[in-house]
Structures are given as C-alpha cells and as structure tokens.
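Take the position in the sequence shown, starting the count at 1, then add 1; the result is the number in the numbering used here.
Note that beta-carbon positions come from the ideal geometry of N, C-alpha and C, so glycine has one too.
Quick caveat, the model's predicted, so the values are computed rather than measured.
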Amino acid sequence: MTVFVGTSGWQYRDWRGTFYPKGVPQRLWLEEYARRFATVENNSAFYGLPERETFATWRRRTPEGFVMAVKANRRLTHDRRLREPEGPVAELMARAEALGDRLGPVLLQFPPSLRADPGLLDAVLARFPAGMRVAVEPRHPSWWTDRTGEVLAERGAALCWADRGSRPVTPLWRTADWAYLRLHEGRARPWPAYGRRALERWVERLTGAWPEESDAYVYFNNDPGVEAPRDAASFRDLIGGAGRPVALPAESAEEGETAGQDGDHSSYE
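This is the structure we're talking about:
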C-alpha cells in the first residue's frame with residue numbers, strides 16, 4: 002500500500018501566515034503546499050469546474066509524483082442528481098485529464114437528501130474511462146445495502162470511507178483494491194482537530210482492511226484553524242510508522258526523508 006495523505010483543498014485564507022509562511026503570495030500557495038504534501042484533493046472543482054488549461058497549469062506547477070484527486074462538479078451530483086451523466090462526466094474528464102500523470106481519483110460526493118438508486122449509480126460509473134479510479138461518498142442511509150456494494154465492486158469503484166466527529170459515518174466496506182478516506186471533523190481541541198487516538202484507529206482500520214500492495218488516498222477536510230494540514234502530517238507519520246509506504250513530497254524524497262521523520266507540522270502555529 003502506498004498511502005497518499007493530504008488535505009481537501011489548499012486555498013484557505015486562514016492558512017496565510019501559519020501553514021503558508023508570511024511573504025509567500027497566494028499565487029504560489031500550490032507550490033508551497035506541494036513542498037509539504039504529495040497529494041491534494043481539489044474540492045474547488047465541485048463549485049465551479051475549471052477550464053482544461055487551468056488543470057494543465059496545475060500540472061506544470063506541481064512536481065513529478067504529485068497527485069491531485071478531483072471532486073466532481075455539483076452539476077452531476079447535486080443538480081442532475083446522477084441523471085443524464087454523459088455530458089457532465091465527459092466534460093469533467095476532458096478537462097481534468099490535462100493533469101496528465103498528476104491526476105488521481107475522482108470523488109463523487111452525493112447530497113445528503115439523495116436516496117439510493119443503484120441503477121443510476123451504475124449508469125454514472127459506466128461513463129468513466131476504463132481504469133479511472135472513482136470514489137463514491139453517499140450520505141443518505143438508504144445507500145447502505147448489499148446492492149450498492151455490489152455495484153461499486155463490479156465497477157471497481159471505492160466506497161469513500163468518511164469520518165465525522167472522530168467516528169465512521171459510512172460502512173467500512175472494501176469495494177475496490179484501493180482505498181479512499183475523508184476525515185471531516187475531529188472531536189479534539191481545538192475544534193475541529195483529531196486526537197492522536199482517533200488517528201491511530203484510522204491507521205488500524207486502513208492497514209487491517211487492505212494489503213500492503215494497495216494504494217490509499219487520505220484527505221483531511223477539517224480546514225479551520227489549520228487543523229487539516231497539522232492532522233494530515235500527524236497521520237502520515239503514524240501510518241508510515243506502522244510500516245506502510247507513504248508518498249512524500251518531492252523535495253523531502255530527494256533529501257532521503259522517511260515517514261516518521263517529517264517535522265513540517267511542528268511549525269503550523
């Protein structure tokens with residue numbers, strides 16, 4: 002298992018002067034972020050799908066080996082509610098593919114009010130190119146059925162494991178040979194931080210469910226107060242300490258840095 006650990010998004014104003022050193026302009030935040038983490042989940046694509054050239058620019062601005070997961074635009078998941086997926090999926094892929102080898106999984110997060118329809122889910126997943134990794138995060142409890150798990154497994158899509166309040170809010174199904182985990186809100190202080198034990202439990206769940214050769218993508222969405230990068234760095238250390246290969250930023254890898262020795266998070270004050 003190669004574990005890619007990062008945050009959901011990188012352009013948060015309250016990270017200025019904390020995660021991002023004073024004097025680093027916002028136009029260089031992605032480059033600075035990529036010095037600290039080897040992956041990011043692009044959640045801005047959900048609100049407004051960037052042009053293909055923007056994705057191409059992100060590729061040029063990030064180092065070799067960097068991975069950008071992309072949250073699908075709300076037009077597919079929230080406006081059309083999975084119906085008529087051909088256009089939205091084709092448009093998403095036509096633009097996001099400009100990331101080239103930087104493109105990671107696509108995340109489909111459903112609205113909380115969207116009730117289960119395995120047929121629609123299957124039709125949406127069928128529109129993605131063969132080999133494209135797609136993670137699915139349903140949020141209505143009606144989705145937790147055997148048929149949902151079967152559709153995901155048949156399409157090779159990962160059920161996105163999600164956490165809120167330091168507890169799982171999704172079943173811990175393994176539907177693909179790779180994993181996707183989103184951590185939305187911890188219970189430690191200061192809010193919404195995760196405590197060490199909560200992070201250790203997620204390390205145990207991931208390493209217990211997937212063999213060492215599987216990949217895992219882990220993103221922290223608790224961005225207020227710079228908690229997301231702090232918790233992501235801690236999680237990276239913990240899972241590296243558990244013996245799993247961890248994707249490191251290019252600069253760290255070149256210096257021979259290993260998981261468990263990364264002290265970047267100590268400066269997120």
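Residue i bridges to which residues according to DSSP?
i           : result
residue 7   : 220
residue 147 : Looking at the DSSP assignment, residue 147 forms no beta bridge with any residue, so it has no partner.
residue 164 : 169 and 184
residue 12  : None; residue 12 has no bridge partner.
residue 43  : 71
residue 109 : 137
residue 159 : 136
residue 152 : In DSSP, residue 152 forms no bridge with anything.
residue 104 : 69
residue 281 : Coverage of the chain is limited to positions 2 through 270, which leaves residue 281 absent and any answer about it impossible.
residue 179 : 216
residue 48  : According to DSSP, which records beta bridges pairwise, residue 48 is partnered with nothing at all.
residue 247 : 4
residue 17  : 21
Leaving out five residues before and five after residue i in sequence, what residues of the same chain have Cβ atoms less than 6 Å from its Cβ?
i           : result
residue 71  : 43, 46, 97 and 107
residue 175 : 210
residue 1   : Lying before the first or after the last residue shown, residue 1 is absent from the chain, which here runs from 2 to 270.
residue 219 : 6 and 182
residue 143 : 116 and 117
residue 4   : 217, 240, 245 and 247
residue 139 : 111
Going by the beta-carbon positions, is the gap between residue i and residue j smaller than 9 Å?
i           : j           : result
residue 134 : residue 173 : no
residue 223 : residue 217 : no
residue 227 : residue 16  : yes
residue 113 : residue 78  : no
residue 110 : residue 73  : yes
What does a CB cutoff of less than 8 Å around residue i pick up in its chain, not counting 5 residues either side in sequence?
i           : result
residue 159 : 106, 134, 135, 136, 137, 153, 176, 177, 179, 180 and 181
residue 103 : 59, 60, 63, 67, 68 and 69
residue 201 : 239
In whole angstroms, what is the alpha-carbon distance linking residue i and residue j?
i           : j           : result
residue 127 : residue 156 : 7 Å
residue 145 : residue 24  : 48 Å
residue 208 : residue 7   : 18 Å
residue 191 : residue 130 : 42 Å
residue 232 : residue 22  : 18 Å
residue 203 : residue 166 : 13 Å
residue 168 : residue 141 : 16 Å
residue 259 : residue 88  : Model confidence at residue 259 stands at a pLDDT of 38, short of 50, so the residue's coordinates are unreliable; what they give is reported in the following sentence. C-alpha separation (whole angstroms): 43 Å.
residue 235 : residue 187 : 13 Å
residue 55  : residue 100 : 9 Å
residue 66  : residue 35  : 10 Å
residue 68  : residue 242 : 22 Å
residue 193 : residue 13  : 15 Å
residue 20  : residue 148 : 43 Å
residue 239 : residue 170 : 22 Å
residue 198 : residue 252 : 29 Å
residue 76  : residue 49  : 9 Å
residue 123 : residue 18  : 45 Å
residue 189 : residue 163 : 17 Å
residue 132 : residue 184 : 25 Å
residue 221 : residue 9   : 6 Å
residue 33  : residue 161 : 28 Å
residue 125 : residue 11  : 28 Å
residue 225 : residue 151 : 36 Å
residue 119 : residue 51  : 29 Å
residue 80  : residue 86  : 11 Å
Counting only the same chain and skipping the five closest in sequence on each side, list residues whose C-beta sits under 7 Å from that of residue i.
i           : result
residue 215 : 2, 178, 179 and 180
residue 53  : 95, 96 and 99
residue 267 : In this predicted model, residue 267 has a pLDDT of only 35, less than 50, meaning its place in the structure is not dependable enough to derive any value.
Any C-beta of chain B sitting closer than 9 Å to the C-beta of residue i?
i           : result
residue 131 : No chain B appears in the structure shown, which is made up of a single protein chain.
With three or more C-beta pairs closer than 8 Å as the rule, is the segment 28–40 touching the segment 229–249? Verdict: yes, contact present.
Between the segment 58–70 and the segment 79–92, do three or more beta carbon pairs fall short of 8 Å? By the criterion of at least three beta-carbon pairs nearer than 8 Å, the segment 58–70 is not in contact with the segment 79–92.
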